[in-house]
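Worksheet for the structure shown next.
Residue numbers (our numbering), protein chains in the order written: chain A, 11 to 354; chain B, 377 to 725.
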């Protein structure tokens, strides 16, 4: 779906990112050697269960890692420039203007003491030279675009006067008003009802496509991701276990964890009156990230695990290239000693 | 599937025209309003559940689905009488428990247990697992029970936990394990009906599958029924024999699971199904997308509760509230579009 495939240079290149937290309970390697590229206009889904490190990747890119955490190593190249470890002042120029973020809970993302008009215009005041009147006009236009009725009156309202879905629309308006080149959305619809979720996913997709913005959609909801994303990156315990084109990951997952995630979603069984099939489940729990086993972190829960898996870390390797509809080759990579066979 | 006890024809749980209203107007001074030179003190009433009727047979799973604020959790809590119902009737095996006080509810609770959404908040953090899971059982017994430790162990084994977990506290468990403890607690009295309020919503998807499998295994083993409350359509489709769809405290459609998913009749059910993300399908055009949001349960709209968001609403929808009427095949719909009066073609045949 990314229409800017002629651009060979990625907008964002994350290389061997390591974000670690030094807690009293031990060292938490929340992100441990994650690399990916994001092309201009591309929508990438970052999926995994709680503790997978998906939110921490978003926070790392935004420069929002606070002690006891820090970016231990790796590069975050945004538009050709390494932004990992930039100072707060330098990040401020980028944040909001170049890279915007949407959080799960709109009530904590909005300041309850300011009107939403104030909060939308703040981004423009910081990053543009527009006059107050122009800013107001833009804010009204933006509110209208995200589907808030009577935007002129709503500007002077406070966050508590909006419903959850409307608040998230305001947050999207704030994120998109400066036309950022990268939008990071961290579980943007998880707290919302399914009819509102569908409205907002459509809205976000339309907004990023209109502006040619790249998007990282962070979520645990594989179904939502498969609807939106061009590429999917699957995380487990701070590492990428699989990445590739979205359709390919969903239709032909090669990592046992990805397969397990997909099969865990209750799906339509054959429409008969026979006994219900058991859901195939991943046994056990996500391990304590401070005490990861040696070798592959998924090995204790994996039915395919061998002695080798318990000894040696699997490396993320491109194993094939699937010809997409456009004739373009896009790599599908998996970190597994015994990947699932590709069904013909 | 069902155990052959008592009268199998009689529903295990029957709810008739259940109503639950909450007065949220506060004190007299909170209510005081001056408008147009007149002083008034209007009450603010939340109409959480509005005349809901349902029945659960032995060995059956009835799924209640709806979005936040539709009253599905209040319905569950009212049935187990955590809220006193403000109207209607609740019958357990034909026994009317609507006006039962605490003491008279005690024997009923042996038949009726609940599993809650939040496995962190529903376990007492200061109790050990052995005390948590045996409490309902001990409450239901007259005297001391000699083999209590063995019973606790047997219960834990049923939900996939072991002897090493018996003397631990809730905080030492993961979310999925805590939900297993909550299930063991509900099982301890060998209930006939388990009311499960979003039991897997707080869990990761791989753990969610484990708990759903466990719930189905236990049902097969003990033959009890579930009233299963969830917002997740894929979960409700997987687990339920029949489904009830709620909107703004009203039951808008009921029917067998297959029928509801194959031929949803109510415009809200259709919108809900269209909005649910499907694995591997791209986000389609917004044709079936329902706009707007759920209205306030304080000022219920006149007529049909869904009419302001409904693409098919017509004049009568604003005038008259549609009632849940059978449309054949065990399906019932509360919509004027599916009544004989507005479907002359159908009525003629």
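A virtual CB, placed ideally from N, CA and C, is assigned to each residue, including glycine.
Are the CB atoms of residue i and residue j nearer to each other than 8 Å?
| i | j | result |
| --- | --- | --- |
| residue 150/A | residue 161/A | yes |
| residue 224/A | residue 52/A | yes |
| residue 571/B | residue 456/B | yes |
| residue 391/B | residue 466/B | yes |
| residue 475/B | residue 504/B | no |
| residue 44/A | residue 249/A | yes |
| residue 321/A | residue 305/A | yes |
| residue 604/B | residue 587/B | no |
| residue 259/A | residue 275/A | no |
| residue 589/B | residue 289/A | yes |
| residue 666/B | residue 647/B | yes |
Would you give the residue range spanned by the beta strand (DSSP E) that residue i belongs to?
| i | result |
| --- | --- |
| residue 168/A | From DSSP, residue 168/A is part of no beta strand (DSSP E); its letter is neither H nor E. |
| residue 431/B | 421-432 |
| residue 29/A | 22-33 |
| residue 463/B | 463-468 |
| residue 572/B | 569-573 |
| residue 47/A | 36-48 |
| residue 187/A | Note, residue 187/A: premise wrong, no beta strand (DSSP E); not H, not E. |
| residue 112/A | 109-112 |
| residue 702/B | 701-704 |
Tell me the rounded alpha-carbon separation between residue i and residue j.
| i | j | result |
| --- | --- | --- |
| residue 324/A | residue 26/A | 15 Å |
| residue 203/A | residue 674/B | 20 Å |
| residue 468/B | residue 319/A | 54 Å |
| residue 627/B | residue 424/B | 12 Å |
| residue 39/A | residue 61/A | 10 Å |
| residue 453/B | residue 177/A | 29 Å |
| residue 601/B | residue 435/B | 4 Å |
| residue 528/B | residue 538/B | 10 Å |
| residue 240/A | residue 217/A | 16 Å |
| residue 726/B | residue 608/B | No statement about residue 726/B is possible, as the shown extent of chain B runs from 377 to 725 and does not include it. |
| residue 56/A | residue 682/B | 36 Å |
| residue 280/A | residue 228/A | In this prediction, residue 280/A has a pLDDT of 45, which is less than 50 and means its spatial position is unreliable; nothing more can be read from the coordinates. |
| residue 200/A | residue 207/A | 8 Å |
| residue 396/B | residue 421/B | 10 Å |
| residue 502/B | residue 508/B | 10 Å |
| residue 542/B | residue 524/B | 12 Å |
| residue 59/A | residue 147/A | 41 Å |
| residue 111/A | residue 291/A | 33 Å |
| residue 283/A | residue 643/B | Its pLDDT being 47, under 50, residue 283/A is placed unreliably by the model, and the measurement read from it follows with that caveat. Rounded to whole angstroms, residue 283/A to residue 643/B spans 26 Å at the Cα level. |
| residue 653/B | residue 211/A | 10 Å |
Please decide whether residue i counts as near chain B, where near means a Cβ-Cβ distance under 8 Å.
| i | result |
| --- | --- |
| residue 35/A | no |
| residue 284/A | Residue placement at residue 284/A is flagged as unreliable, the pLDDT there being 47, under the threshold of 50; the coordinate-derived value follows with that caveat. Taking Cβ atoms only, chain B never reaches closer than 8 Å to residue 284/A, which makes this a no. |
| residue 40/A | no |
| residue 196/A | no |
| residue 288/A | yes |
| residue 276/A | yes |
| residue 89/A | no |
| residue 204/A | yes |
| residue 25/A | no |
| residue 238/A | yes |
| residue 59/A | yes |
| residue 350/A | no |
| residue 291/A | yes |
| residue 258/A | no |
So, does the CB of residue i fall closer than 8 Å to a CB anywhere in chain A?
| i | result |
| --- | --- |
| residue 613/B | yes |
| residue 726/B | Outside the shown range of chain B, which is 377 to 725, sits residue 726/B, and nothing can be said about it. |
| residue 449/B | no |
| residue 580/B | yes |
| residue 790/B | Nothing can be reported for residue 790/B: it is not among the residues displayed for chain B, which extend from 377 to 725. |
| residue 583/B | yes |
Under DSSP, the alpha helix (DSSP H) around residue i begins and ends at which residues?
| i | result |
| --- | --- |
| residue 268/A | 266-274 |
| residue 647/B | 643-651 |
| residue 404/B | 404-407 |
| residue 637/B | 633-638 |
| residue 614/B | 609-615 |
For residue i, return the contacting residues in chain D, with the cut-off set at a CB-CB distance below 8 Å.
| i | result |
| --- | --- |
| residue 272/A | Although the question refers to chain D, the structure presented lacks it and instead comprises the protein chains A and B. |
Item to check | Touching by the beta-carbon criterion (3+ pairs, under 8 Å), the stretch 170-187 of chain A and the stretch 226-239 of chain A | outcome: no
Next on the checklist: For the stretch 72-88 of chain A against the stretch 259-271 of chain A, do three or more pairs of beta-carbon atoms, one drawn from each stretch, fall closer than 8 Å, so that the two count as touching?
Outcome noted: no
Checklist entry - Counting pairs of Cβ atoms below 8 Å between the stretch 529-542 of chain B and the stretch 466-483 of chain B, do you hit three or more? => result no
Checklist entry - Okay, do the stretch 576-589 of chain B and the stretch 548-557 of chain B touch, 3+ Cβ pairs below 8 Å being the bar? => result yes
Next on the checklist: Taking contact to mean 3 or more Cβ pairs, one atom from each stretch, closer than 8 Å, check whether the stretch 87-99 of chain A and the stretch 130-148 of chain A are in contact.
Outcome noted: no
Item to check | Three CB pairs or more closer than 8 Å across the stretch 607-623 of chain B and the stretch 207-222 of chain A | outcome: no
Next on the checklist: Tell me whether the stretch 188-199 of chain A and the stretch 685-702 of chain B touch, counting them as touching only if at least three CB pairs, one residue from each stretch, are closer than 8 Å.
Outcome noted: no
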